[in-house]
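Colleague: The structure follows.
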Amino acid sequence: MINAISGKLAYVRPPKVVLATAFGIEFEIIVSAITLSRLMNLREEEKESVRLLTAYFHNDETGILYGFNDDDEKDLFHELLKVNGIGPKQALRILSSSTPEEFRSYLKDDNIRALSKVPGIGAKTASKIILDLKSKLVKAEDKSAGKAKTKTKASVSPEYADVLASLVEMGYEKELVASAILDIEKEIANGKANVSDEEMFRRVFERISKIG
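In the working numbering, each residue's number is its place in the sequence shown (first place is 1) plus 41.
Pasting the structure below:
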């Protein structure tokens with residue numbers, strides 16, 4: 042296993058960089074946009090000695106090295122790979138779109154909208170990422186703070202409390218779900234009887250799935 046590579050930053054060809062080692066071997070490494078930006082902003086003397094943590098993947102055609110600025114970025118990369126449906130390319134897109142700190146804040150706040158803006162990551166995949174990783178990567182006190190932050194002031198009718206709870210459990214933002222329920226309630230008002238839980242769930246799910 043190649044844990045890290047140290048060498049001179051020979052050249053940059055986004056999203057790849059090349060490190061030339063003292064042994065005459067040059068390694069082509071794919072990095073996130075954030076790590077790439079850091080490397081491109083190094084002073085000339087700093088480019089003489091660069092160290093990147095790495096992860097190696099091999100497919101039927103070739104081997105690929107992914108590089109990381111620090112342990113935090115590398116650890117998050119590997120945690121993302123544990124989510125069903127997330128491969129190295131998708132994981133790197135997420136790392137390119139947010140710092141590890143920003144990513145954890147998305148988990149804490151159940152921010153599906155922010156995650157679904159990453160190319161190739163839709164609302165369903167973003168929901169799964171939050172469900173799978175929130176308990177692992179967000180501290181208990183941060184979860185409580187996130188819930189307090191996203192708590193909606195809107196009051197959902199008691200008959201649709203289960204719909205709200207079910208969609209929040211799936212990973213959707215409580216405020217987003219409550220707002221959708223209230224909007225639909227207004228649409229079906231005018232003296233008409235409320236729709237069933239199943240129908241409300243279907244309507245809300247269709248509405249919030251299109252957001253982002």
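Just so you know, even glycine gets a beta-carbon here, dropped at the ideal spot from N, CA and C.
Quick check: the Cα distance between K190 and D150, rounded to an integer number of angstroms?
Modeller: As a working note, residue 190 is residue 149 in the sequence shown. As a working note, residue 150 is residue 109 in the sequence shown. Note that K190 scores a pLDDT of 45, beneath 50, so its modelled location is shaky; the value from the coordinates is reported in the next line. One C-alpha to the other measures close to 7 angstroms.
Colleague: Excluding the 5 residues preceding and the 5 following E125 in the sequence, name in chain order all residues of the same chain whose CB lies nearer than 6 angstroms to its CB.
Modeller: Mapped onto the sequence shown, residue 125 falls at position 84. Correcting the residue type first, residue 125 is Asn in the shown sequence and not Glu. Result list for N125: empty, nothing under 6 angstroms.
Colleague: If you run the structure through DSSP and keep just helix, strand and coil, what is Y213?
Modeller: Mapped onto the sequence shown, residue 213 falls at position 172. The answer is coil: DSSP assigns Y213 none of H, G, I, E or B.
Colleague: How big is the Cα-Cα spacing for S176 and F64?
Modeller: Counted from its first residue, the sequence shown places residue 176 at position 135. Counted from its first residue, the sequence shown places residue 64 at position 23. Taking the straight line from one Cα to the other gives about 43 angstroms.
Colleague: Nearest by alpha-carbon distance to V53: which of L94, N82, E200 is it?
Modeller: Within the sequence shown, residue 53 is the residue found at index 12, counting from 1. Out of L94, N82, E200, N82 has the C-alpha closest to the C-alpha of V53.
Colleague: With 16 other CB atoms within 10 Å as the buried threshold, where does Y97 fall?
Modeller: By one-based count along the sequence shown, residue 97 stands at place 56. Label assigned to Y97: exposed.
Colleague: Leaving out the 5 sequence neighbours to the left and right, which residues in its chain are closer than 7 angstroms to A51 when beta-carbon positions are compared?
Modeller: In the sequence shown, residue 51 corresponds to position 10, counting from 1. Excluding sequence neighbours, A51 sits near V59, L60, A61, E67.
Colleague: I'd like the list of long-range same chain contacts for S137, defined as Cβ closer than 6 angstroms, with 5 residues on each side in sequence excluded.
Modeller: The sequence position of residue 137 within the sequence shown is 96, counting from 1. The beta carbon of S137 sits closer than 6 angstroms to those of S73, A74, all from its chain and outside the five residues before and after it, given in chain order.
Colleague: Which partner residues does Y201 have in the DSSP bridge list?
Modeller: Translated into the one-based positions of the sequence shown, residue 201 becomes position 160. Answer by DSSP bridge pairing: none, since Y201 is not bridged.
Colleague: Could you name each continuous alpha helix (DSSP H) segment of 4 residues or more that falls completely within the region 78-139, going from the start of the chain to the end?
Modeller: Runs found: 112-122, 129-138.
Colleague: Just to confirm before moving on: does the CB-CB distance between E214 and I153 stay below 8 angstroms?
Modeller: Residue 214 sits at position 173 when you count from the first residue of the sequence shown. Residue 153 sits at position 112 when you count from the first residue of the sequence shown. Yes. Within cutoff.
Colleague: Would you kindly report the start and end of the unbroken alpha helix (DSSP H) that includes I170?
Modeller: Mapped onto the sequence shown, residue 170 falls at position 129. Counting along the chain, I170 sits inside the alpha helix (DSSP H) bounded by residues 164-178.
Colleague: Compute the Euclidean distance between the alpha carbons of V245 and A206, then round it to the nearest angstrom.
Modeller: Walking along the sequence shown from the start, residue 245 turns up at place 204. Walking along the sequence shown from the start, residue 206 turns up at place 165. When rounded, the distance between both Cα atoms is 12 angstroms.
Colleague: For M42, is the classification buried or exposed, using 16 other Cβ atoms within 10 angstroms of its Cβ as the cut-off for buried?
Modeller: Locating residue 42 in the sequence shown gives position 1, where the first residue counts as 1. Exposed, by the Cβ-count rule.
Colleague: What does the alpha-carbon distance come out to for the pair R248 and E120?
Modeller: Numbered from 1 along the sequence shown, position 207 holds the residue referred to as residue 248. Numbered from 1 along the sequence shown, position 79 holds the residue referred to as residue 120. In a straight line, the C-alpha of R248 is about 30 angstroms away from that of E120.
Colleague: Report the three-state DSSP secondary structure of A155 (helix, strand or coil).
Modeller: As a first step, residue 155 must be located in the sequence shown, where it is residue number 114. If DSSP states are grouped into helix, strand and coil, A155 belongs with the helices.
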